[in-house]
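Engineer: Numbering (this note's numbering), first residue to last: 18 to 268.
All C-beta atoms in this analysis are idealised placements derived from N, C-alpha and C, irrespective of residue type, glycine included.
1) Relative to the C-alpha of residue 209, which candidate in 164, 243, 223 and 224 has its C-alpha closest?
2) Counting Cβ pairs, one atom from each stretch, are 3 or more of them under 8 Å apart for the segment 122-141 and the segment 88-99?
3) When DSSP builds the beta bridges, which residues end up paired with residue 233?
4) Which class does residue 259 belong to by DSSP, given the choice of helix, strand or coil?
5) If you measure between the beta carbons of residue 141 and residue 76, is that distance less than 8 Å?
6) Expressed to the nearest angstrom, what Euclidean distance is found between the alpha-carbon atoms of residue 115 and residue 181?
7) Quick check: the Cα distance between residue 262 and residue 188, rounded to an integer number of angstroms?
8) By Cβ distance, which residues of its chain are closer than 7 Å to residue 33, with the 5 residues on each side in sequence left out?
9) How big is the Cα-Cα spacing for residue 88 and residue 257?
10) The ligand NAD heavy atoms versus the CB of residue 236: any closer than 7 Å?
11) Ignoring anything shorter than 4 residues, give me the alpha helix (DSSP H) runs that lie fully in the segment 64-135, in order along the chain.
12) Measure the alpha-carbon distance for residue 172 versus residue 238 and round it to whole angstroms.
13) Residues in the same chain with beta-carbon distance under 6 Å from residue 235, minus the five sequence neighbours each way, listed in chain order, please.
14) Using the beta-carbon count (16 or more within 10 Å), is residue 245 buried or exposed?
15) How many whole angstroms separate the CB atoms of residue 81 and residue 122, which I take to be in contact at a CB cut-off of 8 Å?
16) Going by the CB atoms, is the gap between residue 207 and residue 170 shorter than 8 Å?
17) Excluding the 5 residues flanking residue 78 on each side, which residues of the same chain have their C-beta closer than 6 Å to its C-beta?
18) Given residue 19, which residues of its chain have a CB within under 6 Å of its CB, disregarding the five upstream and five downstream residues?
19) Mapping the DSSP letters down to three states, classify residue 32 as helix, strand or coil.
20) Can you tell which of 110, 212 and 168 has its C-alpha closest to the C-alpha of residue 149?
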């Protein structure tokens with residue numbers, strides 16, 4: 018089974034559509050999403066609709082949860098964006114479709130496990146909120162505890178920075194991998210950050226996701242109409258211009 022694993026779409030419709038087109042060209046049969054369909058971006062309703070209709074699995078992210086409850090711990094720009102997103106889901110469009118979207122978000126699971134594979138948004142210890150940054154390889158106590166909590170392979174998002182954490186203490190960036198390909202090891206556990214579709218933060222503005230098939234994963238980078246998304250953000254007063262500017266910079 019060839020599946021695409023995506024995360025952190027954040028209401029970026031142009032990036033999502035480009036990734037779906039690329040995934041189809043790669044022969045992906047199923048799409049798994051690790052959360053944060055919404056927040057920051059200008060098209061929350063459209064992205065939720067695509068997830069409902071096309072994704073095999075969607076997990077809850079911290080921005081999805083914040084739209085349902087309260088944006089605790091968010092900076093001012095992120096909070097303003099999530100409150101605007103909530104308004105779009107409550108008062109815009111067809112009421113019946115809005116209700117369907119809210120029900121979908123409210124029922125999203127926080128984790129999903131299939132044999133040796135664990136899927137979460139943030140980390141196996143705190144699925145919605147804990148970040149695993151590349152520099153955490155130097156925090157051995159944290160990483161040892163996280164590796165103890167996974168069956169063998171764990172897929173996460175949340176930081177928007179793609180890469181592979183090896184139980185041996187290494188961190189591999191996608192650029193370290195020939196062709197972006199990596200064979201899942203049998204002799205140690207790994208944690209894979211699949212990157213972000215809608216708001217990359219590794220200084221590469223292209224959308225990022227992973228293809229997984231038969232023990233091999235491949236990082237994919239996909240260009241999209243980033244200026245179109247930026248212009249949409251600029252036209253929405255509740256969304257800070259910085260949320261558009263950072264898309265151009267990939268940070």
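Structural biologist: This is what the structure holds:
1) 164
2) no
3) 200 and 230
4) helix
5) no
6) 37 Å
7) 28 Å
8) 26, 64, 67, 214 and 215
9) 16 Å
10) For the structure depicted, the ligand NAD is absent and the ligand set is empty, with no information on it obtainable.
11) 79-85, 93-108 and 112-123
12) 17 Å
13) 197, 198 and 228
14) exposed
15) 5 Å
16) yes
17) 52, 53 and 138
18) 44, 45, 46 and 230
19) helix
20) 212
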